[in-house]
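Read the structure below first, then the notes.
Protein chains: 2
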Amino acid sequence: MANITKKVSWSSRADDSAAAAAAAAAAEETPLLNGSEQRRFSRQHSGRGSLCQIGRLSTVELEEEITEDEEPHRGQTREIPHNEKLLSLKYEGLDYDNIENQLFLEEERRMSHMGFRCLEISRWVVCGLIGVLTGLIACFIDIAVEKLAGFKYGVIKRNIENFTETGGLSISLILWGGFNAAVVMLGSIIVAVFEPIAGGSGIPQIKCYLNGVKIPRVVRLKTLVVKVVGVICSVVGGLAVGKEGPMIHSGAVVAAGVSQGRSTSLKRDFKMFEYFRRDTEKRDFVSAGAAAGVSAAFGAPVGGVLFSLEEGASFWNQMLTWRIFFASMISTFTLNFFLSVYHENPGDLSNPGLINFGRFESESLEYNFYEIPLFIAMGAIGGLLGALFNFLNYWLTIFRIRYIHRPCLQVMEAMLVAAVTATVSFTMIYFSTDCQPLVPESNEEYPLQLFCSDGEYNAMASAFFNTPERSVRSLFHSQPGSYNPLTLGLFTLTYFFLACWTYGLAVSAGVFIPSLLIGAAWGRLCGIMLASISSSSLWADPGKYALIGAAAQLGGIVRMTLSLTVIMVEATGNVTYGLPIMLVLMTAKIVGDFFIEGLYDIHIKLQSVPFLHWEAPATSHWLTARELMSSPVTCLNRIEKVGTIVDTLSNTSTNHNGFPVVVQVHGNDEPGKLCGLILRSQLIVLLKHKVFVELARSRLTQRKLQLKDFRDAYPRFPPIQSIHVSQDERECMMDLTEFMNPTPYTVPQDTSLPRVFKLFRALGLRHLVVVDEENRVVGLVTRKDLARYHMGKHGLEELQLAQT
Amino acid sequence: MANITKKVSWSSRADDSAAAAAAAAAAEETPLLNGSEQRRFSRQHSGRGSLCQIGRLSTVELEEEITEDEEPHRGQTREIPHNEKLLSLKYEGLDYDNIENQLFLEEERRMSHMGFRCLEISRWVVCGLIGVLTGLIACFIDIAVEKLAGFKYGVIKRNIENFTETGGLSISLILWGGFNAAVVMLGSIIVAVFEPIAGGSGIPQIKCYLNGVKIPRVVRLKTLVVKVVGVICSVVGGLAVGKEGPMIHSGAVVAAGVSQGRSTSLKRDFKMFEYFRRDTEKRDFVSAGAAAGVSAAFGAPVGGVLFSLEEGASFWNQMLTWRIFFASMISTFTLNFFLSVYHENPGDLSNPGLINFGRFESESLEYNFYEIPLFIAMGAIGGLLGALFNFLNYWLTIFRIRYIHRPCLQVMEAMLVAAVTATVSFTMIYFSTDCQPLVPESNEEYPLQLFCSDGEYNAMASAFFNTPERSVRSLFHSQPGSYNPLTLGLFTLTYFFLACWTYGLAVSAGVFIPSLLIGAAWGRLCGIMLASISSSSLWADPGKYALIGAAAQLGGIVRMTLSLTVIMVEATGNVTYGLPIMLVLMTAKIVGDFFIEGLYDIHIKLQSVPFLHWEAPATSHWLTARELMSSPVTCLNRIEKVGTIVDTLSNTSTNHNGFPVVVQVHGNDEPGKLCGLILRSQLIVLLKHKVFVELARSRLTQRKLQLKDFRDAYPRFPPIQSIHVSQDERECMMDLTEFMNPTPYTVPQDTSLPRVFKLFRALGLRHLVVVDEENRVVGLVTRKDLARYHMGKHGLEELQLAQT
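Residue numbers (the numbering used here), protein chains in the order written: chain U, 1 to 804; chain A, 1001 to 1804.
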């Protein structure tokens, strides 16, 4: 099973070997309450020299890992594994906390006031660039999709019109299905074969990144290219997908690239923005990029800022928020400007965003006090339907994890879905008898006459034979009576299952637009039904109910909250709907959460990512740092033997990333007093540059190691195996004083879990040292130790750690 | 001078005696760099028993304090004191960090999952109540102002019309001026005499509260009543003020009141929401209340949330943000609903907010690419004018601090301003020759004909003879040509100085609307001038430029940023203007900040409030906790003699509020090892209930002290002087173990200022203990120690601490 999971997981490819190597760690069940006694006992026995630890006791292996050799295929025949009860050890945290070592402090102290101001200006420049590039990418996607989809629908429309009279419509179906499958195949191949991380909407991955988890390869240039080409293929291929979700991922990649002033993939270093080459700054820029992506996708700059803050901000920083807002604004503006030039109406900047809900004029769409209960009821329906969607998709995803893990199977599934989508659409259109008069002011792009009389068009086709964005707009703004209820009902039903099947395929695709479309369809249906049972003119416009339904369905599926409200409000361009949309989204969230989590959270959980929520579980006050922490801890001395360091780093059974630096006091059998914290990546750089005490003495003229050396190595630090250390060098000593963080945050052992959690989350920590009353190191709390505890149905539950 | 400052400061009244008693503290200049050596030296000499400290060395007294006896009146003849270079010691911090002592943990551990859920639901209920009550207050203010202003303008209009023909218009002037002065006198008396804290807009005070500073009496019921009545009087009295700023303060008071489930002023305890009786919860609710206030004032729920977050959030909490948003929505909705009922159009919910900018239809007001430089230029003008406004107001405020500090003088000044405002308005109207035809669709409320011919009205009167809100709307939406340029220019000039003079009077009044009005006037002027030099139809609508000018002026004065953009966008009801408004506000901020700070920040600085900004000064990395901290620290033993505690608390020279609890190890001459932290308020409650070890033994049956006892005493803990401790009891011992916070946050001495700052700010701390490598207490960092360092014009500056 572990193997299967690896195949489809976000971080599957390059890390297989490392994961396999790490798979031999000591395993022991951790008792929840009396664990501390056991640990203390074992600590006394494991002390040996300055390196006082081997195993990570709070690690629980998958059963399968142990028995794998005997029964390699057993996993496939057993019941579906509950991956969401596991927490993967392969994800690392980001170092959001600045490492304030001597080098850093010296640099900061050398910098003048002017220097800080220049730095601040360059941050703004970077954010501007992020905005412009994100806007351009959005523009490119939009134009490409429009051109290609226009070409496709044009060809098929002509073909259908030809064969409607002669009676060979099955050829049209084959043409349609074949075209879709071919385009989707292209999109699926690049995702499945070249860059699996570019699959899906990318929002779960960006959520994790902003949460502080390093998802491998998620912000690389290759991912961006695959994402952009992939999403164009998916939308043109007629899948039930949107192009909005991937924009968020694209913006994040742009931000991570631009802010570093170099491309590791292209091996170009522009020698710019070197100061920003660390996790702290990069994560801040990525949050700006994600916001710019939202902003370009929905024309919602404020919504974008809120999205980034909701997902990423551990601590509200005024200047950062401004910069995020600036990037968002610039991105909408760029998209807007270039689209207006493309549409030959240059300078008209009033139509922001990839998806344009169209303008809701307040006169026609006022709502009244007594409609609010109706809205709430629709929110509840959205919550229920959303929960059903998520439930189906959850089981489908588990099925995919188990059986559809080879790239060729993934491509075939995607093609199958494309062909089925085309067939179902065609069938629905073929059997539909809903003919509507073709009025000149109608905004039908590709009206299909089919079997309707002259001057009429097939209403089912205007929902199916169109890009999803246009269908949404048509449902919002078409005249009352444009759709008959049966058409809407059938459309909702089929599109619901198609969208559910589509999400999670190995294609680059978002779930926002399909959700909106499903919701708009049943919302409009509700509106029509209300109008038919009541004679008041107030119910006359079904477009209002389509909007509410869309909000309810989207809220029921993704469960984003404040940012979603603002995105919806900004996309409709009308502030009046704030309260109803908020009520609907809240109802949908409450109802949906009662059954199952949001779609993104489900996918994050299925990847076993150590995701930290906003607050510690409510009933966790009885847990203290003593129970939480990993103990004993691998500590290093302030002046440490090179051999010991190399051995520590090479120890695949622990694979720690942070090491407390201690001063030994009373001999070897007691833990040392904390005096600093050093990271694996720092040690790697030190070893690479051979910063040994003995060498420093002999080569006095050699330049001192600088912060620049660490920045040059960032972010792809070489593995320890690639660094050659000779037997002589192993006997040298390394002085860590200058490089360690001399003031790591610490907590006493009695600190409660919520208190530890708050400190950890608020400061975006990666390691938190637990000390006793004498300031001796007794444990280390990392992200995984905190993410392990979560609120289950029966109170507090503990997830198991696994090497998958 | 100290006395003078006290008279007009926010916390002047009840605390005079305490401040005077505390005025004898030891004074010593603190050297910035080598202070630690001196401190260490003095610490060794001051150690006596377990209580190892007397003075607070980093306290600098005002010179005047020392020489006051000799020259009591000297302060009035010396040059103006630079209060903004001082930091007052009289403001206390809020305890935002939970005190996780044994009592608290026991309670939390006893609580079931269901208990937490109920708590969460009651938080939502409280937020709903806050929203409803805030909306009702806004509604009350709106209707009262409309009724009274309608009455006033009706009477004066009739009077003017009568005397226009007969020629006794000076009587009209006297009537107008007299009416205004009388109403303003009422409003000023209640503020100056009964509750000075209710003066002004209240936004600076709420900013400080949300920042974590306890401003005395700012959230009391009496303050609310005075604020509401005061603002009605100010607006009806025709001052150049708005009723929007005070709504934010009102919302905050409502929140603080409702969330506590009792009123200390009315001596009613509803036995509800007892769990919320601590600073953490109360501050969260107050942020919801402030948001509800913004929301009701501007019809901007999202802007309200952002305002609260910008000012208050130390840490983005998802659920809290949702609740804030809920309160905001409910408040707009309530206001909306009741106003729609009042206007006899029940159920029309599309007109939110006290100030209603009117709907900007996008067709008439599209902007084009090449207008953006114009907008930026207008932003720069706004920044300049805003800086001038702030500069004038700054000197005026210092003048007021020095000379106008007695209530009767304050009332007289307010009356003078009211009379002058009426006179100036009347003169302007009288000499204006700008007559406009009275068309039926014009929205003039009180058109004054005066010397115009029949069927025309005086355009100057439509700006002056109106409530400011209506004038703003008229400037935004009147037909092109409704105002001639001279009228607008004169109006801008006079209103600018009137508004500047008015802000800071002892009346309850906001500065938002006057700023918008000034900006709208010169913005419209810009629009007209642009239209006259260009023939394009694009420039035809001056309303667009009025909007941009209003944003620029407001941004130049108050310098709020993200939230202000969103408030403006929401108030215009049109998302299209997001980018221009943002650019304008940013330009205004950058230009304005070059000269002087924002108006609210000026007033906060003049009150010497220890306000913590978002980030530590950039060039402060060379300062460490060792230099920052107050040292030596008054520590208590885990089991301490009652007499020692009483003496410590009674020591008016230190007046500390938090005491590290230590365990002595190697005798008395070394600082003890940290084992907890206890607050003055906790000790007071313990003393009041006589929780002594000896008594506990003798009265075994007596009930244990519970968290409820602390909550009942919150927030007005009695002073130590009111607690009687007999000589026998002084010999008893107190066991603090159960009550102290056993896991206070600590930092090592070498931690840099930015790192300390980040920890302090992110977690909303009040005390941060500095320990050495052995976990011994060596210092204590409080809010004042951090707020002392700020960026001045010549790099890092250090403010002086003063008892004022």
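Ideal Cβ positions, reconstructed from N, Cα and C, are used throughout, including at glycine.
Quiz item: Does Ser-1050(A) come within less than 8 Å of chain U when only Cβ atoms are used?
Solution: At Ser-1050(A) the pLDDT is 37, less than 50, meaning the model places this residue with poor confidence and gives no usable figure here.
Self-check item: Length of the line joining the Cα atoms of Met-329(U) and Leu-320(U)
Solution: Rounded to whole angstroms, Met-329(U) and Leu-320(U) show a C-alpha spacing of 14 Å.
Quiz prompt | Per-residue burial, Ile-1189(A) [other beta carbons within 10 Å of its own, 16 or more giving buried] | solution = Burial call: buried.
Quiz item: Are the segment 1136-1144 of chain A and the segment 640-648 of chain U touching, with three or more C-beta to C-beta distances below 8 Å?
Solution: no
Exercise. Determine the contact status of Phe-1194(A) and Val-1219(A), defining contact as a CB-CB distance below 8 Å.
Key: no
Quiz item: Using a Cβ-Cβ cut-off of 8 Å (strictly less than) and excluding sequence neighbours within five positions of Phe-805(U), which residues of its own chain qualify?
Solution: Because chain U is modelled from 1 through 804, residue 805(U) falls outside the range shown and cannot be assessed.
Self-check item: Residues that Met-319(U) contacts on chain A, provided the C-beta gap is smaller than 9 Å
Solution: Trp-1614 and Glu-1615
Quiz item: Between Leu-687(U) and Val-661(U), which are expected to be in contact by the criterion C-beta below 8 Å, what is the C-beta distance as a whole number of angstroms?
Solution: Incorrect: roughly 16 Å between the Cβ atoms, too far for contact.
Quiz item: What does Cys-732(U) touch in chain A if you count any residue whose Cβ is under 7 Å from its own?
Solution: None at all; the shortest Cβ gap to chain A is about 27 Å.
Practice problem: Report the residues of the segment 566-600 of chain U with a CB closer than 7 Å to any CB of chain A, ordered along the chain. | Solution: Val-566, Glu-570, Gly-573, Val-575, Thr-576, Gly-578, Leu-579 and Met-582
Practice problem: Please look up how many angstroms separate the CB atoms of Gly-1406(A) and Tyr-1714(A), rounded, as I've assumed it's under 8 Å. | Solution: According to the sequence shown, residue 1406(A) is Arg rather than Gly. Their Cβ separation, rounded to whole angstroms, is 35 Å, which puts Arg-1406(A) and Tyr-1714(A) out of contact at 8 Å.
Quiz item: So Ile-1324(A) packs on Val-1305(A), CB below 8 Å; how close in whole Å?
Solution: At roughly 5 Å, the Cβ-Cβ gap stays under 8 Å, so Ile-1324(A) and Val-1305(A) are in contact.
Self-check item: According to DSSP, residues forming a beta bridge with His-1794(A)
Solution: Beta-bridge pairing links His-1794(A) to no other residue.
Quiz item: Assuming Ser-1515(A) contacts Val-1231(A) under a Cβ cut-off of 8 Å, what Cβ separation, rounded to an integer in Å, is found between them?
Solution: Contact flag wrong, Cβ pair sits at about 16 Å.
Self-check item: Interface residues of chain A facing Gly-795(U) [CB-CB closer than 7 Å]
Solution: Going along chain A in sequence order, the residues near Gly-795(U) (Cβ under 7 Å) are His-1113.
Quiz prompt | chain A contact residues for Phe-333(U), given Cβ-Cβ distances below 7 Å | solution = Leu-1579
Quiz item: DSSP on Leu-448(U), reduced to helix/strand/coil?
Solution: coil
Quiz item: Across which residues does DSSP place Val-1781(A) in a beta bridge pair?
Solution: Leu-1768(A)
Quiz item: Which bits of chain A does Glu-773(U) rub up against, with CB to CB less than 9 Å?
Solution: Within chain A, the residues near Glu-773(U) are Val-1663, Lys-1673, Leu-1674, Cys-1675 and Asn-1775.
Self-check item: Closer than 7 Å at the beta carbon, the chain U residues around Val-1747(A)
Solution: Those are Thr-743, listed as they occur along chain U.
Practice problem: Go through its chain and collect everything with a Cβ distance to Tyr-1600(A)'s Cβ below 7 Å, but skip five positions before and after it. | Solution: Ile-1203, Pro-1204, Lys-1207 and Val-1558
Quiz item: Could you give the C-beta distance for Gly-293(U) and Ser-250(U), rounded to a whole number, given that I count them as a contact under 8 Å?
Solution: 6 Å
Quiz item: Relative to chain U, which residues along the segment 1618-1647 of chain A have a C-beta separation below 8 Å, given in chain order?
Solution: Ala-1618, Thr-1619, His-1621 and Trp-1622
Quiz prompt | Three-state class that DSSP yields for Cys-1408(A) in the structure shown | solution = Correct three-state label for Cys-1408(A): helix.
Self-check item: The beta strand (DSSP E) enclosing Glu-274(U), as first and last residue numbers
Solution: Neither: Glu-274(U) is in no beta strand (DSSP E) and is coded neither H nor E.
Self-check item: chain U residues whose Cβ lies nearer than 7 Å to that of Ser-1752(A)
Solution: By Cβ distance, chain U contributes Glu-100 and Leu-105.
Practice problem: Kindly identify the DSSP beta-bridge partner or partners of Glu-1456(A). | Solution: Pro-1437(A)
Exercise. To the nearest angstrom, report how far apart Ala-618(U) and Ser-1122(A) are at their CA atoms.
Key: 15 Å
Quiz item: Ends of the beta strand (DSSP E) at Asp-1735(A)?
Solution: 1733-1735
Quiz prompt | Start and end residues, alpha helix (DSSP H) containing Phe-805(U) | solution = With chain U covering 1 to 804 only, the question about residue 805(U) has no answer from this structure.
Quiz item: Taking DSSP as the reference, what is the three-state secondary structure of Gln-607(U)?
Solution: coil
Quiz item: With 8 Å set as the bound, which would you pick, yes or no: does the beta-carbon of Thr-1427(A) sit closer than that to a beta-carbon of chain U?
Solution: no
Practice problem: Report yes or no: do three or more beta-carbon pairs, one from the segment 486-494 of chain U and one from the segment 422-439 of chain U, lie closer than 8 Å? | Solution: yes
Quiz item: Which residues bound the alpha helix (DSSP H) around Glu-310(U)?
Solution: 301-312
Quiz prompt | Contact check, Gly-527(U) vs Pro-542(U), beta carbons under 8 Å | solution = yes
Quiz prompt | Listed by chain order, chain A residues near Thr-561(U) by CB distance under 9 Å | solution = Gln-1318, Thr-1321, Trp-1322 and Phe-1325
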